[in-house]
Amino acid sequence: MKAVILFAHPGTKSFNHAILQQVTESLHKHGITPILRNLYEQKFSPIFSPADMQALESEQVPKAIEEEQTILSESDLLIMIHPVWWWSQPAILKGYIDRIFSDGFAFKYEKNGPVGLLTGKQALVFTTTRESQQEMQASGLDEVVKKQVVDGILRFSGFEPVIYHNFAEVPYVEEAIRETYLQQVGQAIASLKLPVLM
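Using the working numbering, you'd call the opening residue of the sequence shown number 82 and step up by one each time.
Written out as C-alpha coordinates, the structure reads:
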(Lines of atoms letter the chains of each structure in order from A and count residues from 1; the text may use other names and numbers.)
(Lines give C-alpha, C1' and ligand atoms only; values in the text may rest on other atoms or scores of the structure.)
Protein backbone atom coordinates (compact mmCIF):
# COMPACT_ATOMS: atom_id res chain seq x y z
CA MET A 1 0.00 0.00 0.00
CA LYS A 2 1.18 3.51 -0.84
CA ALA A 3 0.27 6.40 1.45
CA VAL A 4 0.74 10.13 0.92
CA ILE A 5 0.65 12.73 3.69
CA LEU A 6 -0.26 16.31 2.79
CA PHE A 7 1.05 18.43 5.65
CA ALA A 8 0.42 22.15 6.01
CA HIS A 9 1.70 23.86 9.15
CA PRO A 10 4.66 26.26 9.30
CA GLY A 11 5.54 25.71 12.97
CA THR A 12 8.11 23.00 13.64
CA LYS A 13 6.95 22.53 17.25
CA SER A 14 3.23 22.56 16.57
CA PHE A 15 0.74 19.92 17.63
CA ASN A 16 0.22 19.31 13.93
CA HIS A 17 3.81 18.02 13.86
CA ALA A 18 3.00 15.71 16.76
CA ILE A 19 0.07 14.40 14.73
CA LEU A 20 2.39 13.92 11.75
CA GLN A 21 4.82 11.93 13.88
CA GLN A 22 2.02 9.75 15.27
CA VAL A 23 0.61 9.13 11.79
CA THR A 24 4.04 8.14 10.48
CA GLU A 25 4.73 5.79 13.39
CA SER A 26 1.28 4.19 13.08
CA LEU A 27 1.75 3.59 9.36
CA HIS A 28 5.19 2.10 9.96
CA LYS A 29 3.56 -0.48 12.27
CA HIS A 30 1.63 -1.65 9.21
CA GLY A 31 4.74 -1.78 7.06
CA ILE A 32 3.88 1.45 5.25
CA THR A 33 6.44 4.18 4.67
CA PRO A 34 4.42 7.23 3.62
CA ILE A 35 5.45 9.85 1.11
CA LEU A 36 5.45 13.20 2.92
CA ARG A 37 4.50 16.36 1.08
CA ASN A 38 5.38 19.06 3.61
CA LEU A 39 4.15 22.06 1.67
CA TYR A 40 5.98 24.69 3.72
CA GLU A 41 9.29 22.83 3.53
CA GLN A 42 8.78 22.37 -0.20
CA LYS A 43 8.01 26.08 -0.51
CA PHE A 44 5.09 25.04 -2.66
CA SER A 45 3.62 27.97 -4.59
CA PRO A 46 -0.13 28.13 -3.92
CA ILE A 47 -0.77 30.58 -6.75
CA PHE A 48 -2.93 29.27 -9.57
CA SER A 49 -1.34 31.47 -12.21
CA PRO A 50 -2.31 32.48 -15.76
CA ALA A 51 0.35 29.99 -16.89
CA ASP A 52 -1.45 27.25 -14.93
CA MET A 53 -4.72 28.20 -16.62
CA GLN A 54 -3.13 28.08 -20.06
CA ALA A 55 -1.53 24.72 -19.30
CA LEU A 56 -4.88 23.35 -18.14
CA GLU A 57 -6.62 24.57 -21.28
CA SER A 58 -3.91 23.16 -23.56
CA GLU A 59 -3.63 19.91 -21.56
CA GLN A 60 0.11 20.48 -21.21
CA VAL A 61 0.66 19.90 -17.50
CA PRO A 62 3.78 21.57 -16.02
CA LYS A 63 6.34 19.07 -14.73
CA ALA A 64 6.03 20.18 -11.07
CA ILE A 65 2.26 19.68 -11.13
CA GLU A 66 2.55 16.40 -13.01
CA GLU A 67 4.94 15.06 -10.34
CA GLU A 68 2.46 15.82 -7.56
CA GLN A 69 -0.41 14.31 -9.54
CA THR A 70 1.60 11.15 -10.19
CA ILE A 71 2.29 10.76 -6.47
CA LEU A 72 -1.43 11.09 -5.72
CA SER A 73 -2.61 8.84 -8.55
CA GLU A 74 -0.22 6.06 -7.49
CA SER A 75 -1.31 6.22 -3.84
CA ASP A 76 -3.97 4.17 -2.07
CA LEU A 77 -4.31 6.42 0.97
CA LEU A 78 -4.22 10.20 1.38
CA ILE A 79 -3.80 11.75 4.82
CA MET A 80 -4.23 15.50 5.26
CA ILE A 81 -2.99 17.30 8.39
CA HIS A 82 -3.61 21.02 8.86
CA PRO A 83 -4.89 23.70 11.23
CA VAL A 84 -8.18 25.47 10.60
CA TRP A 85 -7.59 29.16 9.86
CA TRP A 86 -10.44 31.50 9.00
CA TRP A 87 -12.85 28.55 8.77
CA SER A 88 -10.69 26.95 6.09
CA GLN A 89 -7.33 25.45 5.20
CA PRO A 90 -4.06 27.38 5.19
CA ALA A 91 -3.61 29.16 1.86
CA ILE A 92 -0.70 26.92 0.88
CA LEU A 93 -2.91 23.82 1.11
CA LYS A 94 -5.85 25.49 -0.61
CA GLY A 95 -3.49 26.46 -3.42
CA TYR A 96 -2.24 22.88 -3.63
CA ILE A 97 -5.83 21.72 -4.11
CA ASP A 98 -6.46 24.42 -6.73
CA ARG A 99 -3.35 23.53 -8.72
CA ILE A 100 -3.09 19.75 -8.29
CA PHE A 101 -6.71 18.55 -7.98
CA SER A 102 -7.47 19.86 -11.44
CA ASP A 103 -10.24 19.21 -13.94
CA GLY A 104 -9.30 16.11 -15.91
CA PHE A 105 -7.14 14.73 -13.11
CA ALA A 106 -9.23 14.74 -9.92
CA PHE A 107 -12.64 15.07 -11.58
CA LYS A 108 -14.44 15.62 -14.85
CA TYR A 109 -17.85 16.89 -15.85
CA GLU A 110 -20.24 14.66 -17.75
CA LYS A 111 -23.82 15.12 -18.89
CA ASN A 112 -25.23 14.19 -15.49
CA GLY A 113 -22.73 16.22 -13.47
CA PRO A 114 -19.25 15.88 -11.97
CA VAL A 115 -17.49 12.52 -11.71
CA GLY A 116 -14.60 11.91 -9.31
CA LEU A 117 -11.55 10.34 -10.92
CA LEU A 118 -9.45 9.50 -7.84
CA THR A 119 -11.44 6.39 -7.01
CA GLY A 120 -10.29 3.33 -5.12
CA LYS A 121 -8.50 5.50 -2.57
CA GLN A 122 -9.08 6.14 1.13
CA ALA A 123 -8.63 9.51 2.82
CA LEU A 124 -8.10 10.59 6.40
CA VAL A 125 -8.18 14.23 7.53
CA PHE A 126 -6.83 15.60 10.80
CA THR A 127 -7.48 19.25 11.67
CA THR A 128 -6.79 21.37 14.75
CA THR A 129 -8.61 24.40 16.14
CA ARG A 130 -8.38 26.87 18.99
CA GLU A 131 -12.15 26.76 19.43
CA SER A 132 -13.87 24.20 21.63
CA GLN A 133 -16.06 21.56 20.03
CA GLN A 134 -19.10 23.27 21.57
CA GLU A 135 -18.12 26.63 20.05
CA MET A 136 -17.55 25.00 16.68
CA GLN A 137 -20.94 23.33 16.71
CA ALA A 138 -22.72 26.48 17.88
CA SER A 139 -21.14 28.65 15.17
CA GLY A 140 -21.39 26.04 12.42
CA LEU A 141 -17.61 25.95 11.98
CA ASP A 142 -17.42 22.19 12.49
CA GLU A 143 -19.91 21.49 9.72
CA VAL A 144 -18.37 24.04 7.34
CA VAL A 145 -14.87 22.55 7.58
CA LYS A 146 -16.16 19.00 7.31
CA LYS A 147 -18.38 19.82 4.33
CA GLN A 148 -15.64 21.69 2.51
CA VAL A 149 -12.86 19.12 2.89
CA VAL A 150 -14.72 15.81 3.12
CA ASP A 151 -17.48 16.42 0.58
CA GLY A 152 -16.33 19.42 -1.46
CA ILE A 153 -12.80 18.15 -2.15
CA LEU A 154 -12.21 14.50 -1.30
CA ARG A 155 -15.52 12.75 -2.02
CA PHE A 156 -16.03 15.08 -4.98
CA SER A 157 -12.73 13.71 -6.33
CA GLY A 158 -13.72 10.08 -5.76
CA PHE A 159 -12.10 9.25 -2.41
CA GLU A 160 -14.07 6.76 -0.28
CA PRO A 161 -14.14 6.23 2.60
CA VAL A 162 -13.19 9.64 3.98
CA ILE A 163 -12.64 9.91 7.73
CA TYR A 164 -12.44 13.31 9.45
CA HIS A 165 -11.13 14.16 12.93
CA ASN A 166 -10.81 17.61 14.48
CA PHE A 167 -8.86 18.21 17.67
CA ALA A 168 -10.31 21.20 19.51
CA GLU A 169 -8.77 23.78 21.87
CA VAL A 170 -5.28 22.50 21.08
CA PRO A 171 -3.37 25.50 22.56
CA TYR A 172 -5.35 25.38 25.79
CA VAL A 173 -5.97 21.77 26.78
CA GLU A 174 -3.80 19.89 29.25
CA GLU A 175 -1.00 17.62 28.06
CA ALA A 176 -3.05 14.57 29.05
CA ILE A 177 -5.77 15.64 26.61
CA ARG A 178 -3.24 16.09 23.83
CA GLU A 179 -1.93 12.59 24.56
CA THR A 180 -5.50 11.32 24.23
CA TYR A 181 -5.76 13.12 20.89
CA LEU A 182 -2.63 11.35 19.66
CA GLN A 183 -4.05 8.01 20.75
CA GLN A 184 -7.11 8.82 18.65
CA VAL A 185 -4.81 9.44 15.68
CA GLY A 186 -3.39 5.94 16.06
CA GLN A 187 -6.89 4.49 16.39
CA ALA A 188 -8.02 6.30 13.25
CA ILE A 189 -5.10 4.83 11.31
CA ALA A 190 -5.93 1.36 12.66
CA SER A 191 -9.56 1.73 11.50
CA LEU A 192 -8.49 2.00 7.86
CA LYS A 193 -8.23 -0.88 5.42
CA LEU A 194 -4.51 -1.51 5.82
CA PRO A 195 -2.32 -4.51 5.10
CA VAL A 196 -1.88 -6.95 7.96
CA LEU A 197 1.72 -7.82 8.76
CA MET A 198 2.32 -11.55 9.24
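For each residue, glycine too, the CB sits at the ideal point set by N, CA and C.
Computed from a predicted structure; not experimentally measured.
Simplified DSSP assignment, three categories, for residue i
i: H111; result: coil
i: A61; result: No answer is possible for residue 61: the residues shown for the chain start at 82 and end at 279.
i: M217; result: helix
i: Y190; result: strand
i: R180; result: helix
i: R77; result: For the chain, the structure presents residues 82 to 279; residue 77 sits outside this window and is missing.
i: P127; result: coil
i: H98; result: helix
i: M134; result: helix
i: S272; result: coil
i: R211; result: coil
i: V243; result: strand
i: V225; result: helix
Cβ pair residue i, residue j closer than 8 Å
i: I116; j: I160; result: no
i: S156; j: K83; result: yes
i: K30; j: L198; result: Residue 30 lies beyond the residue range present for the chain, which begins at 82 and ends at 279; the question has no answer from this structure.
i: V226; j: W168; result: yes
i: E212; j: E250; result: yes
Nearest-angstrom Cα separation, counted from residue j out to residue i
i: V85; j: S220; result: 32 Å
i: M217; j: D223; result: 5 Å
i: F125; j: Y177; result: 8 Å
i: L158; j: L137; result: 26 Å
i: T209; j: A271; result: 20 Å
i: Y253; j: P164; result: 15 Å
i: F88; j: Q215; result: 26 Å
i: V104; j: L263; result: 9 Å
i: N247; j: S139; result: 39 Å
i: R118; j: H98; result: 13 Å
i: F237; j: V231; result: 8 Å
i: F182; j: Q170; result: 15 Å
i: K228; j: K144; result: 31 Å
i: T114; j: P91; result: 23 Å
i: K110; j: R259; result: 21 Å
i: A132; j: D184; result: 15 Å
6 Å CB neighbourhood of residue i in its chain, flanking five on each side removed
i: F129; result: D179 and R180
i: P49; result: Residue 49 lies beyond the stretch modelled for the chain, which goes from 82 to 279, so this question has no answer here.
i: I100; result: I162, F207 and V266
i: A204; result: L159, L235, F240 and V243
Bridge partners - residue i, DSSP secondary structure assignment
i: H163; result: T208
i: S169; result: W166
i: P195; result: Y190
i: F88; result: N119 and I162
i: F248; result: T209
Close-in-space but distant-in-sequence residues of the same chain around residue i (CB under 8 Å, 5 per side omitted)
i: K274; result: Q203
i: P195; result: F188, K189 and F237
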